[in-house]
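Undergrad:
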Amino acid sequence: FVLYIQKKIIAQAEEADGKGKFIEDRWERPNDTGYGITRVMEGGNIWEKAACSVSVVRGKLSKERAAAMSSRGRDASEGDAYFA
């Protein structure tokens, strides 16, 4: 869903700008723990520089991250899986 929304934002921004085109940069985290897609436009008619990014990360909570989440009222333990 988020990637679909990113594509729609990019298409509408390019149409509104009339000149600028977004360049795509994809990245991946090691061990299948996530990826991201950053799209950047430079030198458009409306926007000098614009970006639209999506990051998808997953893994296991560290002791420190679980403690930080717990201090904010979230039920989190070391080793719990997360997805963001």
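Take 8 as the starting number for the sequence shown in our numbering and just add one per residue.
Ideal Cβ placement from N, Cα and C applies to all residues, glycine included.
No experiment lies behind these values; they were computed from the predicted model shown.
#1: Secondary structure at arginine 72, three-state DSSP: helix, strand or coil?
#2: Just to confirm my understanding: we take phenylalanine 90, look at its own chain, exclude 5 residues before and 5 after, and list those with CB closer than 7 Å. What are they?
#3: Considering only their Cβ atoms, is the gap separating valine 61 from leucine 10 smaller than 8 Å?
#4: Taking the alpha helix (DSSP H) that isoleucine 12 falls in, what are its first and last residues?
#5: What separation, rounded to the nearest whole angstrom, lies between the Cα atoms of methionine 76 and glycine 41?
#6: According to DSSP, alanine 57 sits in a beta bridge with which residue or residues?
#7: Where do the ends of the beta strand (DSSP E) carrying aspartate 32 lie?
#8: When you compare the CB positions of leucine 68 and aspartate 82, do they come within less than 8 Å of one another, or not?
TA: Quick look at the numbers:
#1: helix
#2: Arg65
#3: yes
#4: 9 to 24
#5: 20 Å
#6: Met48
#7: 30 to 35
#8: no
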